[in-house]
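Novice: Numbering (the UniProt record's numbering), first residue to last: 1 to 1083. Note that beta-carbon positions come from the ideal geometry of N, C-alpha and C, so glycine has one too. First the structure, then my questions, so here it is.
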C-alpha cells in the first residue's frame, strides 16, 4: 500500500479524548497530515508520540496493530514497576490508567510484496501511555529480535526510523506559532539497533519517559537507570496456536491477550483478564473524518472505532505541564515582561515603560499597528445576492500617545463600499485597544494583551437590517503588528455610490466581568447623497469581547468594572478609485462620570510629544515628553537609537498600506510615516477636503480622474502641483516608463517588472552654463539651486542670491521605494549623483552599487572625474571613476560610522566624518589615500553634515550631538563656532557666505549666515518628512585645477594629492599585472 493507515479511538473518562493510531508507528493527538509532510521531516507540525516512525506496511496481512485502554491491576502493577525502576527517587508516580498500542510484524513499505524470495524483515514494538496523579509517562518496549530493519525509503531516499516525542506547532505570545517540545530518542543506526539491547529503566529493551509535569524536570524526562538489573535475560515465549514458540524479552511487554483464529495474532503470558477480540487495523487510503463521541456502553459504530468506558481519569494530554510555575513557563511571557510565581500559579507582568497583559507587551507611547484579513458574505439593501469578501487586507495605525486611530481596508467593491461607511468600529476596535488612558483606567490592550475574540451585532434602523462581526485577535507578530481576522455576515442598508457619511461623536460603556467585556451603544450617522439629499439614520451596536486573564494575581483582576470609551473626530470615506474604505477616529478611555474642568494634556492628547514618545503627567497641567523604548531624543522629537540608516531590514514602508487620504502625500520614515494633504486641500493627511478656492484641475488630474472609473485602465500619477510625475507605472502589466511634461512617453525608457527607469523632470533640469564672471568679482551665479533628498525624491528649489525661492520648489527626481541619503552634483556634465541605502546603490543613470551595503556620504571631484563615498556597513572610504568603474578601497580600518565626505579638488584632499558615538572624529587625507590624519576629535557628538568651501578654504560641519555648526581652516587648524542650539542636522552644504543644512526635527532646510552667525531663512517642503542629503547646482564650475584633469597619463585611476598625483590600480585589477602604479611629484 502507498498511503498511511490510521484509526481513531475515543476514550471516555471525565472528558472524551481522541487518539489517532497510525500504521506508520506513531500515535497522534492531532489529525496528522499526509505522510509526505512528516516522513523524514521531523519535527512535525502536529502532536504525536513516535514508537518507531517510518514508512511501514501491513498490506500483506501479517502486519497487525492492536490497541486497548486498560486499568486492570496487573497491567498497572507492571507499568508501575517499569516507572519506579526508571525513576527510583520518585515513588509518587502511581499509575491509574494505561493505553496500550502494539505494532506486530510491520514491514518497510515496498518490501512485503517484492517477490524476490528473500525473507521480509519485520519490526515489532509497543507503546504504553500511563497516567499518574501528577503526570504522564510513556513506556516503549522493543523485544529482542523485534527490530529487524533500521530505515525505510522515503521519496527515493533512505530515511532512518525515528522514536521520540513531538508537541507540534503551538501558539506563541510573541510569534504567531512556534515548534513546541521535541525530543528524539534515536539519532543514528547505532541508537536504533540498541533499542532492543539497552535501557533507561533497568530492563533491556524497555525505555521509560516522563512526558508530563515534574517538580524536578522540565519537558521530556528520560529514565535514570541505564544499567540492566540482570545479566542473562530470561524470555517469556508468547503462545501462538499451532506454531512453535518464539523468543520474547524478559521485560514482559504489556500486550493484548486475544484469542483469535488467525495464526499471526499474538497471545502473550496473561497479565489481565481476557478481552473480546477487536478487529486489527486494515489498510485505508484516506484519513477518516473526526469521530463524535458515542453514548456510554454502546457497541462500536464502525469496526475500526472502539469506545471504551472508563471512570478513571486518563491524562492523554501528555505534553501538558501541570506545575504552573515560572520555571516551566517563563518563555510564555513577553520579552518585555517579568514572570512572578503565586501560590496557585504564575503571572506575567510588563516591565516599566511597557504595557499589556504580560504575555503581550508594547512600549508606552510607541505607535501601534494592526493588520489582517477580512472575509464574509454581505447583502446590500434588498439584493438577493451577497457580496463576497475574500482575504481583503486590513491595515491600521494608532498614535498611541493621543489615541488617534486610522484604518484602511482594501479591494472593497463599489457595490458594498459606500454601505460600509457607517461601520467605523469595524476597524475601530484597535482604537479602543490603544485608547488614550485616563488616570486609573485601562484600554483594551492593557487588560487583555493581543489575544482575544470579539463578537458584535449591528441592527440598523429603520429597516432592521442585521450584520454580525466576528474578529479573532491573534497577538503580536514578528513585525510588531497586532494580527486580526475578521468575518462579516448579514445585511447592510444601501447607501448610494458617491455619498458621504458623517458619524457623530459617541460614548460607549464597557462592562468588565473577569474574562468577559460587553458594551452597547446607539449611534447616529448622516448621509449626504450625490443628489443633495441629507438623511439621518441610526443603528444599535452590541459587542462581546472574551479573553483569558491571569487568575492568580488579584491586582490584575482589580481593573475598573465599568469604563467609558469616548470617540470623536470620526472620519469615514469610501475611495472608489482605489477601492478602499477608510476610517479615522480619536479614542479615550476613562470614567463614566463627568470629566474634570481642567485635564492634563497627557490625558487629552494635546501635548505635542513626538509620536514615538510617551507623555508623563506632572502637577496640574504640567507634563514631560519621554521617548518610547527603542527611541532617543528629548521627547518632542525621537529617533531610533540604533543605526537605523544601516539597518535596511528595519524599514517597513507603511505607505503601501494606503492609510493616507487619496488627496494626500504619504512619506515613509524610519519607524513611522507621515501624511499631508495636497495643495488645494486641507486636513491632517488622513482626512483631506477641498479648499474653497481650489484651482482648476490640470490635464494630469483630469486624466487620472477619468481613468479611475475602470480598474483595467492606466491611471497616471500626478505630483502635488498636478503635473505628470516623471516616472509612470502600469501596475497591472508591471511596466514603468518616463514621460515628458505633457505626459507623453519618452522613447526607449520602458522597463519590465521589478525595475523602474531613472526619470528626470524635464521642466526643472538644471539651467545651462551662464557667463563666466570676472576673476576678481565674487559673483552669485543666477540659476543656482539647492537639491535635497527626501525619502525617494530629490527636490529642487532655486536660489535668488542667497534667498530661497520657496514658491518655485519642485521635484527633480523621483526614485520610488528608495531612501536617498546623500546627493552630489557634477558641474561639468550637469549630472546628479545620489546614494540610497535600500538598494543599496550609488546612482546617476545606471550606476550599480555592486556589493555596497550602506553607502551614505558621496562626493564628486569634477576636475579628476572621480567619485568618492563612505559605506557605514563595510566601514570603508572608496573611490571610482564617475561611471562606477575602477573601484578601489582607500581606507577600511579605524572606521565605525563614516557618513559625510567632501573633496578639495585644488589640493587633492578628502575630508570625512565618522560619527562613532564612542569616538567621533573628522579626518583628512590625500585623494590617493596618503597622509591620513585626524583633524577634529574634541567636543564632537554626531557630526552628520560636512561641507568644504573651495574659495574660503573653510571646512564646516553640523553636529546633531552638540547641536552646533562649526567651521575649521584645515591648513591653520583654526576652529570657530557658527551657530549653537540647532535641532537635529543631517547634511550641510556651503554656498558663498551661506550654510544650508537639513534638519530632521524641523523637517526643513535652514539657512545660516556664516559671517553674522545668524539663522536667516527656513524652507518647509510641502511634503513634511525627514530630509537627508543636500547640495547645490551652479551654472559654472569652480575655477580650480589639479594634475589629474586628463587622468594624468595613468592607465587606470589617477588620484591627485598635494604637489602631485598617484596612478593607482583598482582592486579588481591589482592582481592581474595589467596595471602599473606610480607616484609623480611636482614640488
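(1) In chain order, what residues of the same chain have a beta carbon less than 7 angstroms from the beta carbon of residue 222, not counting five sequence neighbours either side?
(2) So, for residue 468: in the same chain, excluding its five sequence neighbours on each side, which residues have a beta-carbon less than 6 angstroms away from its beta-carbon?
(3) Going straight from the alpha carbon of residue 743 to that of residue 702, what length do you get?
(4) Rank 48, 627, 37 by C-alpha distance to the C-alpha of residue 22 and give the top, closest one.
(5) So, are the CB atoms of residue 1085 and residue 350 less than 7 angstroms apart?
(6) Excluding the 5 residues flanking residue 496 on each side, which residues of the same chain have their C-beta closer than 6 angstroms to its C-beta?
(7) Using the three-state DSSP reduction, which class does residue 435 fall into: helix, strand or coil?
(8) Can you name, in chain order, every residue of its own chain whose Cβ lies under 8 angstroms from the Cβ of residue 159, other than the five neighbours on each side?
(9) Look at the alpha carbon of residue 372 and the alpha carbon of residue 331, and state the distance between them as a whole number of angstroms.
(10) Along the chain, where does the beta strand (DSSP E) that runs through residue 51 open and close?
(11) Just checking, does the segment 1056–1068 make contact with the segment 970–981 on the three C-beta pairs under 8 angstroms criterion?
(12) What are the boundary residues of the alpha helix (DSSP H) that residue 913 is part of?
(13) Have a look at residue 426 and residue 525 and give me their C-alpha separation to the nearest angstrom.
(14) Put residue 245 into one of helix, strand or coil per three-state DSSP.
(15) State buried or exposed for residue 934, treating a residue as buried only when at least 16 other CB atoms are found within 10 Å of its CB.
(16) Tell me whether residue 241 is buried or exposed, calling it buried when 16 or more other Cβ atoms sit within 10 Å of its Cβ.
(17) Starting from the C-beta of residue 197, find all residues in its chain whose C-beta is less than 8 angstroms away, skip the five residues before and the five after it, and write them out in chain order.
(18) Apart from the five residues on each side of it in sequence, which residues of its chain come closer than 8 angstroms, Cβ to Cβ, to residue 778?
(19) Mind checking who residue 520 pairs with in its DSSP beta bridge?
(20) Which residues bound the beta strand (DSSP E) around residue 1032?
(21) Please classify residue 80: does DSSP put it in a helix, a strand, or coil?
(22) Can you tell me where the alpha helix (DSSP H) holding residue 602 begins and where it ends?
(23) Threshold first: 4 residues or longer. Then list the alpha helix (DSSP H) segments lying entirely within the UniProt domain "EGF-like" (322–362), N to C.
(24) Considering just the uninterrupted stretch of the alpha helix (DSSP H) at residue 1086, what are its terminal residues?
(25) Which one of 533, 482, 532, 563 has the shortest CA to CA distance from residue 517?
(26) Grouping DSSP H, G and I as helix and E and B as strand, with all else coil, what is residue 390?
(27) If residue 510 and residue 519 are in contact, beta carbons under 8 angstroms, what's the gap, nearest whole angstrom?
(28) Would you check if the distance between the CB atom of residue 889 and the CB atom of residue 878 is smaller than 7 angstroms?
(29) Nearest CA to the CA of residue 446: which residue from 370, 361, 663, 947?
(30) Which same chain residues end up closer than 6 angstroms to residue 602 when comparing Cβ atoms and leaving out the 5 residues on each side of it in sequence?
(31) Per DSSP, which one or two residues make a beta bridge with residue 825?
(32) Helix, strand or coil for residue 878 per DSSP?
(33) What is the DSSP secondary structure of residue 705, reduced to helix, strand or coil?
(34) Between which two residues does the beta strand (DSSP E) harbouring residue 1061 extend?
(35) Go ahead and label residue 1116 buried or exposed: buried means 16 or more other beta carbons lie within 10 angstroms of its beta carbon, across all protein chains shown.
(36) Might you give, ordered along the chain, the residues of its own chain that have their beta carbon closer than 6 angstroms to the beta carbon of residue 535, omitting 5 neighbours on each side?
Specialist: In this structure, then:
(1) Taking the first residue of the chain shown as 1, we reach residue 222 at position 222. Exclusion of the five residues before and after residue 222 leaves 200, 209 as the residues of its chain whose Cβ lies within less than 7 angstroms of its Cβ.
(2) Along the chain shown, one-based indexing puts residue 468 at 468. Cβ within range, chain order: 457, 489, 490.
(3) Locating residue 743 in the chain shown gives position 743, counting from the first residue. Locating residue 702 in the chain shown gives position 702, counting from the first residue. Approximately 12 angstroms, taken between the alpha carbons.
(4) As a position in the chain shown, residue 22 is number 22, starting the count at 1. It is 48 whose Cα lies nearest to the Cα of residue 22.
(5) There is no way to answer for residue 1085, as the model of the chain reaches only from 1 to 1083.
(6) The residue labelled residue 496 in the question sits at position 496 within the chain shown. Cβ contact annotation for residue 496 (same chain, cutoff 6 angstroms, sequence separation greater than five): 529, in chain order.
(7) For the purposes of this step, residue 435 is identified with residue 435 of the chain shown, where counting begins at 1. Correct three-state label for residue 435: coil.
(8) In the chain shown, residue 159 corresponds to position 159, counting from 1. Closer than 8 angstroms at the Cβ level, and outside the excluded window around residue 159, lie 39, 40, 54, 55, 151, 152, 153.
(9) Counted from its first residue, the chain shown places residue 372 at position 372. Counted from its first residue, the chain shown places residue 331 at position 331. Approximately 26 angstroms, taken between the alpha carbons.
(10) As a first step, residue 51 is located in the chain shown; it is residue number 51 there, counting from the start. Start and end: 48–53.
(11) no
(12) Position 913 of the chain shown holds residue 913. Looking at the DSSP string, residue 913 is not in any alpha helix (DSSP H); the run it does join, the beta strand (DSSP E), is 909–914.
(13) In the chain shown, residue 426 corresponds to position 426, counting from 1. In the chain shown, residue 525 corresponds to position 525, counting from 1. Rounded to whole angstroms, residue 426 to residue 525 spans 15 angstroms at the Cα level.
(14) What you label residue 245 is simply residue 245 of the chain shown in a count that begins at 1. Summary for residue 245: the model assigns pLDDT 33, below 50, so the residue's position carries little reliability; its value from the coordinates is reported in the next sentence. Three-state result, residue 245: coil.
(15) Walking along the chain shown from the start, residue 934 turns up at place 934. Residue 934 should be labelled exposed.
(16) Against the chain shown, residue 241 aligns to sequence position 241. Interpretation of residue 241 is limited by its pLDDT of 33, a score under 50 that renders its predicted location unreliable; the figure taken from the coordinates is listed afterwards. Answer is exposed; the Cβ neighbour count stays below 16.
(17) Along the chain shown, read from residue 1 onward, the residue named residue 197 stands at position 197. Non-local C-beta neighbours of residue 197 in its own chain, meaning closer than 8 angstroms and more than five positions away in sequence, comprise 144, 204, 205, ordered along the chain.
(18) Within the chain shown, numbered from 1, the residue matching residue 778 stands at position 778. Bear in mind that a pLDDT of 29 at residue 778, under 50, signals an unreliable position, so the model cannot answer this.
(19) Translated into the one-based positions of the chain shown, residue 520 becomes position 520. According to DSSP, which records beta bridges pairwise, residue 520 is partnered with 509, 542.
(20) For the purposes of this step, residue 1032 is identified with residue 1032 of the chain shown, where counting begins at 1. For residue 1032, the uninterrupted beta strand (DSSP E) segment begins and ends at 1030–1033.
(21) Here residue 80 is taken as the residue at index 80 of the chain shown, counted from 1. Residue 80: helix per DSSP, three-state reduction.
(22) Here the question's residue 602 lines up with position 602 in the chain shown. Following the DSSP letters along the chain, one finds residue 602 inside the alpha helix (DSSP H) bounded by residues 601–604.
(23) Along the length of the UniProt domain "EGF-like" (322–362), whole alpha helix (DSSP H) runs at least 4 residues long occupy 326–329, reported in chain order.
(24) Residue numbering for the chain in the displayed model covers 1 to 1083; residue 1086 lies beyond these limits and cannot be assessed.
(25) If you number the chain shown from 1, residue 517 lands on position 517. Ranking 533, 482, 532, 563 by Cα distance to residue 517 puts 563 first.
(26) Position 390 of the chain shown, counting from 1, holds the residue named residue 390. Strand at residue 390.
(27) Translated into positions along the chain shown, residue 510 becomes position 510. Translated into positions along the chain shown, residue 519 becomes position 519. At roughly 5 angstroms, the Cβ-Cβ gap stays under 8 angstroms, so residue 510 and residue 519 are in contact.
(28) As a working mapping, residue 889 is identified with position 889 in the chain shown. As a working mapping, residue 878 is identified with position 878 in the chain shown. For residue 889 and residue 878, yes; Cβs fall inside 7 angstroms.
(29) Start at 1 with the first residue of the chain shown, and residue 446 comes out as number 446. It is 361.
(30) In the chain shown, counting from the first residue as 1, residue 602 sits at position 602. Same-chain partners within the cutoff: 615, 617, 623.
(31) Numbered from 1 along the chain shown, position 825 holds the residue referred to as residue 825. Residue 825 pairs with 832.
(32) Reading the chain shown from its first residue, position 878 is the one you call residue 878. DSSP places residue 878 in strand when its eight states are reduced to three.
(33) Residue mapping note: residue 705 aligns to position 705 of the chain shown, counting from 1. Three-state DSSP puts residue 705 in a helix.
(34) The residue given as residue 1061 occupies position 1061 in the chain shown. It spans 1060–1064 - the beta strand (DSSP E) in which residue 1061 sits, taken as one unbroken run.
(35) No statement about residue 1116 is possible, as the shown extent of the chain runs from 1 to 1083 and does not include it.
(36) By one-based count along the chain shown, residue 535 stands at place 535. Cβ within range, chain order: 527.
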